Amino acid sequence: MLRENQRRFKFDWITIILFLLLVGFGYLNILSASHDGDIANYFDTSQLYGKQLIFIGLTFVLIIIILSFEAKFYERFASIIYLGALLALLGLFIFGKEINGARSWYGIGSMTLQPSEFAKFATALAVGKYISDLQTNMQTLKDQLRVVAIIFVPALFILLQNDAGSTIVYLAFFFVLYREGLQQIYLVMGLSLIVLAILGLKFGVLITALLATSILIISFFLRKKKKRESIFQYILVLLVAVGFSYGVKLFYEHGLKAHQQNRISLWLRLEKDPVKLERMKKAEAYNLIQSEQAISSGGLVGKGFLQGTRTTGKFVPEQETDYIFSTVGEEWGFLGSSIVVLLFVFLIIRILYLAEAQKSQFSRVYGYGVASILFVHFTINIGMVMGLIPTVGIPLPFFSYGGSGLWGFTILLFIFVKLDSNKINEW
Amino acid sequence: MRKLLLLTTVLLVGLVFIGRLFYLQVYGGYDYNVYEDNAIRKVYNYPKRGYVYDRNGKLLVANQPSYDVMVIPREVEPMDSLEINEFCQLLKITREDYDKKLERATNYSPRLSSPFVSQLSKSDYAVLQEKMRKYEGFYIQKRSLRSYQTTIGANVLGDIGEVNRGIIAKQPYYRLGDLIGKQGIEQTYEKTLRGVKGIKFIQKDRFNKDIEPFKEGKLDTLPVPGKDITITIDAKLQAYGELLMTNKRGGIIAIEPSSGEILAMISGPSYNPNLLVGRDRSKNFSKLYNDSIAKPLFDRGLQAMYPPGSPFKTLNALVALQEGVVTEDERFSCSLGYRYGNRKMGCHAHRSPVNMNTGVSQSCNAYFANVYRRIIDKYDSPAEGMDNWSKHIKSFGLGNYLNNDLSVGQPGKVPSAETYDRGYGKNRWYTTFTISNAIGQGEVLATPIQLANMAAAIGNRGYYYTPHIIKNIEGEIIPLKFTTPKRTTIDKEHFEPVVQGMFDVYNKGTAEMLRVKGIDICGKTGTAENFAIIDSVKTQLTDHSIFVAFAPKDNPKIAIAVFVENGYFGSRFAGRMASLMIEYYIRGEITRKDMESFVLRYSLEHEYQKPFSGEPFGINRQTTLEAISEEEYQKLMRLKAEIPKL
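Protein chains in written order, with full-length UniProt numbering: chain A, 1 to 427; chain B, 1 to 646.
Structure follows, in C-alpha cells:
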C-alpha cells in the first residue's frame with residue numbers, strides 16, 4: 001500500500017525543474033521588459049510584472065488541482081473537455097472581445113481569458129483519445145480524415161476569429177500523426193508542398209515548373225522498370241505541383257492581407273525596389289529590426305539584468321509578450337539566450353523520451369502532442385524574434401507575459417506529468 | 001524511424017537558433033558602446049573656454065554663446081515637403097541645402113549626431129527653440145564661440161573651428177561639431193583653454209522621450225572649465241606694429257631679452273580675427289587661405305626664412321673674438337670689396353681700412369670676409385673649421401626649431417661641413433666656396449623670430465631664453481624650458497666690441513638717420529636679395545629690408561627683428577619701423593614723427609604688383625616710393641589714436 005502511494009507521487013522531476021526554470025527566468029525578463037523606473041512593489045497589480053506574479057501563483061494552485069485528479073480522468077473525459085473547448089471557442093463569436101483585430105478573448109471584469117490557449121491541450125487529449133481507441137486504424141483514410149477533422153475544427157474557429165498565428169500551431173499535430181503511423185508519402189508531400197510554395201514565390205511559377213519537371217524526369221528513369229508508375233501519374237503529379245505553386249502565388253497576391261503579404265515578402269526578400277522596401281520595413285519590420293538590434297547589442301554576456309538600454313527604453317514593442325526573447329538576448333547575451341534555447345530543447349526531448357516510454361497509447365499520443373505544440377511555439381516564436389521566419393504572433397511558452405498562455409501551457413504539460421506518473425499502474 | 005523525426009527536428013532547430021544567436025551577438029562583432037547606443041541620449045555640457053589676456057591684463061579673447069542645430073539621421077521622422085520648407089525657412093537654408101546636409105550627415109553616420117546648421121545667431125535660435133520639438137532627430141547644441149575684444153593679433157591669437165574627421169580619428173575626445181583651436185595660441189594651448197566637456201547619459205524610450213538617467217547617472221561627468229591664460233604680448237605694441245606694417249608685407253618680432261617673452265609678433269598683411277568667428281568662418285577662411293599672393297595666413301614673423309644678410313655679421317665678429325683669430329683693433333682694408341682668386345665680393349664706399357667697430361657700423365663686406373676666412377682656416381681642414389663655426393652659430397638658436405609654444409615655425413638653416421660635402425664632395429671645397437656666409441648670404445637662412453632672439457642673446461651678452469608667448473596659466477607654472485637661460489658658446493667679455501659696433505650703427509653708421517633721442521639703441525641693417533620665377537625666368541626683385549636691434553644698450557628691455565619684403569635697403573623701412581617700435585615700447589609715445597609718417601605714408605603695394613603686372617620693371621635703385629592718399633593716411637592716424645585706449 002505504501003509502495004503504491006510512493007508510486008503515485010513519482011512525478012518526473014526533471015520536467016518539473018525545467019518548467020520551473022523557464023517560468024522563473026521568464027518572470028525576471030517580464031520584470032525587465034515591463035518595469036517603469038523603480039520597482040516599488042513586486043506585487044503591484046497595476047504593473048504587468050505584478051500581474052504575472054499572481055498568474056504564476058495561481059499556476060501552482062492549478063498544478064495541484066491537475067495532479068490531484070486520477071490519471072484516468074483525463075482519458076475518460078477527453079471528449080467532454082474537447083467539446084467544452086469547442087463551445088468556448090464558438091462562444092467567442094457571440095461574447096468575444098476584440099483585441100488587436102482578433103476576437104479571441106472573453107472579458108471577465110478587467111481580466112481577459114483566451115480560450116484558444118486552452119483548446120490546444122483539449123485537442124491533444126481528443127487526438128490521443130481517438131487514436132488510442134482500439135477501433136481506430138491510422139492506416140485507413142477514413143480514420144485519418146476523422147483525426148484531421150478533430151484537429152481542423154478548433155483550428156478553423158480560431159482562424160475565423162482572426163488569430164492566424166494560433167491556427168498555425170495546429171500543424172504541430174502532424175508530428176503526432178506521423179509518429180502514430182501516417183504514411184511516409186504524407187511527409188514527402190508535406191515537405192514538397194512547402195518547397196514548392198517557397199520556390200514558386202521566390203523564383204516564379206515557370207522556374208518552379210521547370211525544376212519540378214526535371215526532378216520528375218530524373219526520378220522516372222531512376223525507378224526500376226517493373227516498379228515504375230505509368231507516365232500519366234507523373235504528369236498528374238507535375239500538374240498538381242505546378243497548379244499548387246501557381247495557387248500559392250495567387251493566394252499570396254490576392255488572398256493575403258497586406259501586412260501578411262509584406263511579412264512574407266520581407267522574409268523571402270521578394271521586394272527589389274529600395275523605396276518600397278524601405279517603406280515596407282518601416283511598416284512591417286519595425287518590431288523585427290528593434291528586436292534584432294536588442295538581441296545583437298547583448299553581445300556575449302549581455303548588459304545585465306534590468307540594464308538593457310533598449311529594453312528599459314521600450315524600443316521593442318510587445319516585448320513582454322511575443323518578443324520576450326529579445327529581452328533575454330539584450331540583458332543576458334549569447335550565454336543566457338543559448339541557455340534558454342537549450343532549456344527548451346531539453347524539455348521537449350525529455351517529454352519525447354517520456355512519451356516513448358508510456359505504456360498506454362493515449363499517454364504516448366498526448367505526450368507527443370505536448371512536445372509538438374511546445375516545439376512549434378518555440379520554433380516560431382524564437383525564429384520570428386531573430387528574423388529567421390516571417391512574423392507570426394504567438395507566445396513563447398512559460399516565458400511570455402499573460403495568464404491564459406501560462407495556464408494553457410501549464411495544464412498541457414502537467415496533464416502529461418500526471419499521465420506519466422501513472423505509467424507504472426498501466427498494464 | 002518514425003520516432004526520430006521530431007527529435008532530430010528539435011535538435012536541428014536548437015542548433016540553428018544557437019548558430020543564429022552566435023551570428024547576431026558574437027560573430028557580428030557587436031561591441032557594445034554606450035556612445036553608439038541610440039537608446040541613450042548623450043547630452044554634452046561644454047565648459048567655458050579660457051579667456052586670453054595680454055601682458056598688461058587687457059582682455060583679448062572672451063566667449064559668446066552659439067547654438068548649433070544637430071541631427072541624428074536615423075531618428076529623423078519623414079516630413080512632407082511643406083514641413084521641410086517651413087523648417088528650412090527657420091534655419092535660413094534652401095531645400096537643396098537641406099537634402100545635401102542630411103545626406104552628408106547620413107554618410108558620416110546614421111547613428112551619431114552631426115552638425116546640421118552651425119552657429120545660429122541668437123535671434124534665429126530664439127525663434128527655432130520654440131518649434132524644435134516638432135522636428136524629431138534634430139536638436140540644438142549650445143556651444144561657446146570666441147568673441148575677440150580686439151581687431152589685432154589674428155596670427156597670435158589664432159581661431160577655433162569645427163574639428164574635422166581626421167582629428168576625430170586621432171583624438172576620440174572630439175566629436176563632430178566640436179570646436180578646436182586651429183591656429184595661434186588657440187591651437188598650442190587648446191587643452192588648457194578648452195577644459196573638459198561634461199556628459200550626461202539619459203535613457204530614452206522609443207518615442208525619443210527621456211526617461212531616466214542611464215545607470216543612475218554613474219557614468220555622467222561634470223564639465224571642467226577651461227583655464228584663463230595671460231600671454232606675453234603687449235597689445236599696444238602689437239597694435240602699433242600692425243599699424244606700421246599696413247600696406248607692407250613682412251614680419252616684426254619683439255622680445256623681452258631678460259625673459260624671452262614675445263612682446264609683439266606681427267605678420268603683414270594681417271586680418272581681423274573676428275572674420276574667423278561664427279557662421280562665416282569657413283567662407284572667410286577659404287578666402288584668406290586661397291590668397292596665394294598676399295598669403296595672409298602665412299606668418300612671416302615665424303615661418304618666412306630669408307638669408308639674414310648683414311645682421312648676421314655680428315655673429316661672425318663674436319665667433320672670431322671667441323676663437324681668438326682677430327682682435328677688436330685689427331684692421332682690414334676694403335677697396336669697394338673683397339677679392340679672392342679672380343672673384344670679388346662687392347662693398348659700398350666707406351673709409352678704409354676698418355677695425356671691428358667700423359666693420360660692424362659700416363657693415364663692411366671685406367672686413368667680414370677676412371674675419372670669416374680666419375675663423376674657418378684656423379683649423380687644418382675647412383670641414384673642421386666649418387663645423388666649429390656652425391656650432392657657435394647654432395648656439396644662438398639659429399638653424400633649428402626654437403621648440404617653443406607657437407603653433408608654427410621654421411628651423412632656418414646653418415650650414416655645416418656636411419652641407420658642402422654633399423654639394424661638392426668630401427674635401428673638395430675650400431673656405432672661399434662658402435665666403436657668402438661671412439655676410440649672411442649663401443647657405444644661411446633665418447626667420448625673423450630667430451633674428452630677434454639672436455639680438456636678445458647679443459643684448460644679454462651671451463644667453464637667451466627660448467622666445468615664448470605664455471606668461472601665466474591660471475594655477476599652473478609655465479614650463480621650465482622657458483625660464484631656464486640658454487648659454488651661447490661665446491664668452492661674455494667678447495660682446496662689448498660688437499655691442500659697441502651695433503651702437504655705432506646708430507651713432508655714425510648705416511642707421512645714423514634713425515636715432516631716437518634719449519634711447520641708446522644698438523642695431524644692424526641688412527638687405528637680402530631675392531628672386532621670383534616669372535614666366536619660368538628667374539627674376540631678381542627689390543631687396544628685402546632687414547633690421548635687427550635691441551635697446552637700451554645695457555640691460556635691454558626689447559630686442560627686435562623687422563623684415564619688410566621688397567623694402568629695399570635695411571634702414572629704409574625695417575630700420576625705421578624697428579626704431580619706432582623701440583621708442584613706442586620704451587617711451588610709450590613717438591618723438592620721431594617724421595619717421596612715423598614716412599612709414600605710414602609710403603606703401604609697398606605697387607612693388608608687390610610688379611611681378612604680376614606682366615611688364616618689365618625696375619628694382620632697388622630704380623624703384624620709387626608711392627604714397628597713399630591723404631584720406632587713407634588720416635585713417636591710419638586715427639587708428640593710431642585709438643591704440644592707447646586698448
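All C-beta atoms in this analysis are idealised placements derived from N, C-alpha and C, irrespective of residue type, glycine included. None of these values were measured; they are calculated from a predicted model.
At what residue ranges does the stretch 363-407 of chain B contain a whole run of the alpha helix (DSSP H), taking only runs of 4 or more? 365-377, 382-394
What number of angstroms, rounded off, separates the C-alpha of A/Gly107 from the C-alpha of B/Leu21? 38 Å
For B/Asp205, go through chain A and note every residue whose CB falls closer than 9 Å to its CB, in chain order. Thr312, Gly313, Lys314, Phe315
Using the Cα positions of B/Gly181 and B/Asn164, report the straight-line distance between them to the nearest angstrom. 12 Å
So what's B/Arg515 in DSSP terms, helix, strand or just coil? coil
Would you mind sorting A/Asp38 into buried or exposed? The rule is 16 or more other CB atoms within 10 Å of its CB. exposed
Chain B contact for residue 481 of chain A (CB, 8 Å cutoff): Limits of chain A in this structure are 1 at one end and 427 at the other, which puts residue 481 of chain A out of reach.
Does any CB atom of chain B fall closer than 8 Å to the CB of A/Ser360? no
Rounded distance between the beta-carbons of B/Gly251 and B/Ile266, thought under 8 Å: 6 Å
Considering just the uninterrupted stretch of the alpha helix (DSSP H) at B/Cys334, what are its terminal residues? Neither: B/Cys334 is in no alpha helix (DSSP H) and is coded neither H nor E.
How about the stretch 309-329 of chain A and the stretch 22-41 of chain A: do they share at least three Cβ pairs that are nearer than 8 Å? yes
Could you list the residues in the stretch 198-231 of chain B with a C-beta less than 8 Å from some C-beta on chain A, going in chain order? Gln203, Lys204, Asp205, Arg206, Ile211, Glu212, Phe214, Lys215
Using a Cβ cut-off of 8 Å, pull out every chain C residue sitting near B/Gly14, in sequence order please. Absent here is chain C; the protein component of the structure consists of chains A and B.
B/Gln203 and A/Gly302 closer than 8 Å at C-beta: no
Residue nearest to A/Ile94 in terms of C-alpha spacing, selected from A/Gly255, A/Val188, A/Gln161: A/Gln161
A/Tyr42 in three-state terms, based on DSSP: coil
Cβ-heavy atom distance, B/Ile167 to the ligand NAP, below 7 Å: Judged by which ligands are present, the structure shown has none, so any question about the ligand NAP falls away.
Are A/Asn262 and A/Ala294 closer than 8 Å when you measure CB to CB? no
According to the Cβ coordinates, are B/Ile152 and B/Lys471 closer than 8 Å? no
Taking DSSP's pairing of strands, which residues face B/Asn145 in a bridge? For the sequence presented, residue 145 of chain B should be read as Leu rather than Asn. Answer by DSSP bridge pairing, in chain order: B/Gln64.
For A/Leu342, the nearest candidate out of B/Leu11, B/Met1, B/Leu6, B/Leu112 (CA to CA): B/Leu11
What are the residues that DSSP puts in a beta bridge with B/Ser267? B/Gly251
Is A/Leu2 helix, strand or coil by DSSP? Only weak support is given to the placement of A/Leu2: the predicted model assigns it a pLDDT of 46, under 50, and the value that follows is read from those uncertain coordinates. A/Leu2: helix per DSSP, three-state reduction.
By DSSP, does A/His254 sit in helix, in strand, or in coil? helix
Sequence-distant residues of the same chain with beta carbon closer than 7 Å to B/Ile628, five excluded per side: Asn247, Arg601, Ser603
Residue of B/Leu222, B/Val16, B/Arg279 minimising C-alpha distance to B/Ser121: B/Arg279
Give the DSSP-derived three-state secondary structure of A/Phe362 in the structure shown. helix
Residues of chain A with a CB under 7 Å from the CB of B/Arg2: which are they? Tyr178, Arg179
Can at least three beta-carbon pairs, one atom from the stretch 367-384 of chain B and one from the stretch 428-447 of chain B, be found at a separation below 8 Å? yes
Could you check whether A/Leu201 and A/Lys249 sit closer than 8 Å to each other, using their CB atoms as the reference points? yes
Would you identify the three-state DSSP class for A/Trp105, choosing helix, strand or coil? strand
Out of A/Thr213, A/Ile231, A/Leu113, A/Ile66, state which residue places its alpha-carbon closest to the alpha-carbon of A/Ala241. A/Thr213
What residue from A/Leu412, A/Phe378, A/Phe334 has the CA that sits closest to A/Gly369's CA? A/Leu412
I'd like the list of long-range same chain contacts for B/Asn460, defined as Cβ closer than 6 Å, with 5 residues on each side in sequence excluded. Pro257
Quick check: is the beta carbon of A/Phe334 nearer than 8 Å to any beta carbon in chain B? yes
The alpha helix (DSSP H) that contains B/Val502, what's its start and end? Note that residue 502 of chain B is Met in the sequence shown, not Val. Per DSSP, B/Met502 belongs to the alpha helix (DSSP H) from 495-507.
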